[in-house]
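Here's the structure, in structure tokens; my notes come after.
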Amino acid sequence: MALTISKTNKDKPLLILSGYTYIIERITDLKTESYTWRCTKYTESKCRGLVHTAEGKVLRSSDIHSHGPNHGEIGARVVSASLNQEAKETKQSTTEILCSATQGLSLEAVSSLPQLNSLKKKVRCVRNKEDRVINPATLTDLEIPQKYAVLPSGEQFFLFDSGSEEANRVLIFGTQQNVKHLKLCEHWFSDGTFKISPLLFEQLFVVLGKSGDVTVALLFC
Ligand SMILES: [Zn+2]
Numbered sequence: 002m003a004l005t006i007s008k009t010n011k012d013k014p015l016l017i018l019s020g021y022t023y024i025i026e027r028i029t030d031l032k033t034e035s036y037t038w039r040c041t042k043y044t045e046s047k048c049r050g051l052v053h054t055a056e057g058k059v060l061r062s063s064d065i066h067s068h069g070p071n072h073g074e075i076g077a078r079v080v081s082a083s084l085n086q087e088a089k090e091t092k093q094s095t096t097e098i099l100c101s102a103t104q105g106l107s108l109e110a111v112s113s114l115p116q117l118n119s120l121k122k123k124v125r126c127v128r129n130k131e132d133r134v135i136n137p138a139t140l141t142d143l144e145i146p147q148k149y150a151v152l153p154s155g156e157q158f159f160l161f162d163s164g165s166e167e168a169n170r171v172l173i174f175g176t177q178q179n180v181k182h183l184k185l186c187e188h189w190f191s192d193g194t195f196k197i198s199p200l201l202f203e204q205l206f207v208v209l210g211k212s213g214d215v216t217v218a219l220l221f222c
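Taking my numbering, I'd label the letters of the sequence shown as residues 2 to 222.
Here it is in structure tokens:
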């Protein structure tokens with residue numbers, strides 16, 4: 002049976018299994034993705050429920066919970082994680098996000114959900130926070146979110162930052178592969194564009210490399 006993993010309010014992995022939820026207590030082996038998970042009611046109910054997983058499967062579990070399963074609460078948690086993700090990563094309207102997050106939810110889970118207005122407020126709150134990260138008031142406040150720092154392939158894309166205290170802050174984006182390629186190019190070209198530079202920045206400076214007849218944009222500063 003494949004594992005169902007959601008996220009906690011703090012964006013940590015949350016294992017959902019048979020009406021119980023677990024957080025990672027120990028990484029036993031990263032290579033085989035072997036984890037020990039502890040029931041989330043460990044403190045609140047002094048629960049000793051543990052699950053061991055490896056390679057996306059349950060190896061063994063000690064189902065000695067001091068409380069009953071709660072499918073309703075879990076459904077509500079999954080909705081909350083889904084709202085969070087959709088609000089951050091899509092441009093869907095608040096109503097659309099609420100519809101897709103609550104689709105197919107059991108009655109038990111619906112009854113555990115907060116009021117509709119609180120859910121809407123949560124979506125707006127996540128969006129405002131995300132917007133402040135992307136469009137901060139000053140260059141010092143600018144932090145590059147992980148989704149813009151790393152490519153979907155896992156390769157690092159954000160290569161250099163001259164520092165948040167730097168008056169003329171410079172950021173460089175590209176891949177190590179691009180840097181290697183640039184080293185081998187016979188000719189380098191550069192082009193500064195002012196029109197499309199992001200807010201707070203003066204210009205977007207592109208470094209291109211020519212190898213043979215092919216010229217490619219490799220670094221973005
Ligand atoms: Zn438990």
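Even glycine gets a Cβ: it sits at the ideal position worked out from N, Cα and C.
Residue 72 Cβ short of 7 Å to ligand 1 heavy atom set: Stepping through the sequence shown from its first residue, residue 72 is reached at position 71. Answer for residue 72: no, Cβ out of range of ligand 1.
Residues near residue 200 by beta carbon distance below 7 Å, same chain, minus five either side: Counting from one through the sequence shown, the residue named residue 200 turns up at place 199. For residue 200, where only same-chain residues beyond five positions count, the Cβ hits under 7 Å are 136.
Ligand 1 heavy atom lying under 7 Å from the CB of residue 68: Position 67 of the sequence shown, counting from 1, holds the residue named residue 68. True, at least one ligand heavy atom lies under 7 Å from that Cβ.
contact_flag[the segment 51-64, the segment 94-108] where n(CB pairs < 8 Å) is 3 or more: no
Uninterrupted alpha helix (DSSP H) stretches inside the segment 45-120 (no shorter than 4 residues): 72-90, 95-103 and 108-113
Alpha carbon of residue 104 to alpha carbon of residue 193, nearest angstrom: Here residue 104 refers to the residue found at position 103 when the sequence shown is read from its first residue. Here residue 193 refers to the residue found at position 192 when the sequence shown is read from its first residue. Answer to the nearest angstrom: the Cα atoms are 48 Å apart.
Rounded Cβ spacing between residue 172 and residue 210 (contact assumed at less than 8 Å): By 1-based counting over the sequence shown, the position of residue 172 is 171. By 1-based counting over the sequence shown, the position of residue 210 is 209. Actually they are not in contact, since the Cβ atoms of residue 172 and residue 210 sit about 20 Å apart, beyond 8 Å.
Residue 65 vs residue 76 beta-carbon contact at 8 Å: The residue given as residue 65 occupies position 64 in the sequence shown. The residue given as residue 76 occupies position 75 in the sequence shown. Cβ distance not < 8 Å, so residue 65 and residue 76 don't count as in contact.
Same chain only: Cβ atoms within 6 Å of residue 74, ignoring 5 sequence neighbours per side: Within the sequence shown, residue 74 is the residue found at index 73, counting from 1. Within the same chain, residue 74 has close Cβ partners 113.
Given residue 109 as reference, the closest of 62, 70, 27 and 178 once Cα atoms are compared: Counting from 1 along the sequence shown, the entry for residue 109 is found at position 108. The candidate whose alpha carbon is nearest that of residue 109 is 70.
For residue 125, the three-state DSSP class (helix, strand or coil): Here residue 125 is taken as the residue at index 124 of the sequence shown, counted from 1. Residue state, collapsed to three classes: helix.
Which residues DSSP lists as bridging residue 39, in chain order: The residue labelled residue 39 in the question sits at position 38 within the sequence shown. In DSSP, residue 39 forms a bridge with 24 and 51.
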